[in-house]
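Here the sequence shown stands for residues 1 to 371, numbered as in full-length UniProt numbering.
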Amino acid sequence: MSAYISELDYYGTADAEFVEIAVAAGTDVSGYTIVHYDGFGTVVDTFSLGVMTGTMGGKDVYVLDDRTAGWDYGDPSGTLWADDALALVDDTGSVLQFVSWQGYTVTAIAGPAAGQTSVNVGTIVDIANGSVQSDDGGSTYFSQSSQNPDVIPACYATGTRIQTLIGPRPVETLRAGDALTIAQGDPVTVRWVYAGATPAEAAATADAVSIPAHAMGPGRPRRPLLVSPQHRVCVGGFGQFATLFSAPHFLPAKALIGLPGVHQVTLPGSSQWHHLACARHHVIAAEGLYSETMLLGPMAVSALPVAAREEVQSLFGHSAGSAPLNGTPALPCLTVGAARQAIFGRRGPGNLSPRRARARHSAFVPAPCLT
């Protein structure tokens, strides 16, 4: 289908939940909506798709989360409940998808999906960090233990100095076989390098996040650093916001926007971006800031040009389902919302949407157990 819900987390409070939508690149989605249904089949709320977060694999990606107007209306149980459903509706009013989760189905009695019964897309197994995702255009979904809303392959800008076994080296000079020094001090070998004109999208311009020197601690980074918006940066360890997080995690670089000096910039589309992949996913130092090598997940690999994708698969093999080609993430990955809550604090009640409270089942029935 031309548009589909590509990833979903319905567990937790509103700052942890999100809905990711993938649409054929270049589609005008100004008339598209996500319609939220409760278990009775009545409409709770309607959301526009908002601002595009990136383009990858020929799809424009949109994310609804606590940055979306009206998403968080103050319910301590979160925005999405186990017996809810979501309809993706195009600009003609046609329902492209009507999905539910956790073993439930919903028959809509109002709104654009009236008379339709939702399709259950499964259950999140890892309730702390997981989501359900589709890699086949919305036909099937699988549960995964590491979320990746609006994921774009991790990239470093030309000139970024990466810590290697022989000292810092510009990323563009690194080659397969070179030895990096990971956060724990051990050497690891680069297996694959790639340079492209944009982080993942073939656009005239490319967004980047500019992080000034010492933004996350003394020498973190040592000098200004440019990374792609979804590039994962370490927090909760290695001298980077260790007091704000109970343990080391990754967060997307764009979650840091709003810190003194951290801002988004637009670069010429001809700017070179560089990927580094090892046999496993690792924490490495770039200009003294601890971040990541490339995690070769399904969507990241699919966003690469055909020749680069074939080269990766020849080196790392093929993976079934959602498993990255080079293993699991080196650290748990936070969503933008969860990261910003920890760094900047939860929004006060005065900033919550005036959205009406919604009626719930008088007696909530637990979801069926999976064995």
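From the three backbone atoms N, C-alpha and C, an ideal C-beta is built for every residue, glycine too.
Query                                                                                                                                                   : Result
Among G122, G50, G31, A247, which one has its Cα closest to the Cα of V89?                                                                              : G31
Mapping the DSSP letters down to three states, classify V191 as helix, strand or coil.                                                                  : It should be noted that the sequence gives Arg, not Val, for residue 191. Three-state DSSP puts R191 in a strand.
Whose C-beta lies closer than 7 Å to the C-beta of T33 among residues of the same chain, with five residues either side of it excluded?                 : T46, F47, S48, V89
Return the Cβ separation of H282 and I182 in integer angstroms, given the expectation that the two are a contact with Cβ distance under 8 Å.            : 5 Å
Which whole runs of the alpha helix (DSSP H) in the stretch 91-142 are 4 residues long or more, in chain order?                                         : none
Please check the pair G288 and P221, which I expect to be a contact at CB under 8 Å, by giving their CB distance rounded to whole angstroms.            : 5 Å
Is the separation between the beta-carbon of L295 and that of V132 shorter than 8 Å?                                                                    : no
Looking at F241 and C333, is the spacing between their C-beta atoms short of 8 Å?                                                                       : no
In the DSSP output, what is D9 paired with across the bridge?                                                                                           : F18
Looking at the structure shown, is I166 part of a helix, part of a strand, or coil, going by DSSP?                                                      : coil
Quick one: what's S291 bridged to in DSSP?                                                                                                              : V233, I284
Considering only C-alpha positions, which residue in the set A14, D60, L96 is nearest to A69?                                                           : A14
Taking only the alpha-carbon atoms, compute the straight-line gap between S246 and T117 and give it to the nearest angstrom.                            : 42 Å
With a Cβ-Cβ cutoff of 8 Å, do A330 and I162 count as a contact?                                                                                        : no
If we ignore side chains and look at the alpha-carbon of each, how far apart do T345 and G74 end up?                                                    : Correcting the residue type first, residue 345 is Gly in the shown sequence and not Thr. The straight-line gap from Cα to Cα measures roughly 15 Å.
Note down the Cα distance separating E17 from D178, rounded to an integer number of angstroms.                                                          : 40 Å
Taking the alpha-carbon positions, what's the V119 to R67 distance?                                                                                     : 27 Å
From which residue to which residue does the beta strand (DSSP E) around I34 run?                                                                       : 33-37
A157: buried (16+ other C-beta within 10 angstroms of its C-beta) or exposed?                                                                           : buried
For G196, write down the residues that DSSP places opposite it in a beta bridge.                                                                        : W273
Do you know whose CA, among V262, P324, T328, L256, lies nearest A342's CA?                                                                             : L256
Counting along the chain, where does the beta strand (DSSP E) carrying I211 start and finish?                                                           : 205-211
Roughly how many angstroms separate the alpha carbons of A253 and A338, rounded to a whole number?                                                      : 13 Å
Going along the chain, which residues of its own chain have a beta-carbon closer than 7 Å to the beta-carbon of L80, five neighbours each way excluded? : Y10, E17
With DSSP as the reference, label V252 as helix, strand or coil.                                                                                        : According to the sequence displayed, residue 252 carries Pro and not Val. It is a strand residue.
Would you mind reading off the limits of the alpha helix (DSSP H) that contains V44?                                                                    : V44 -> not in any alpha helix (DSSP H); beta strand (DSSP E) instead, spanning 43-48.
May I have the straight-line CA-CA distance separating A208 from G115, to the nearest angstrom?                                                         : 45 Å
Residues in its own chain within less than 6 Å of R340 by CB, not counting five upstream and five downstream?                                           : A255
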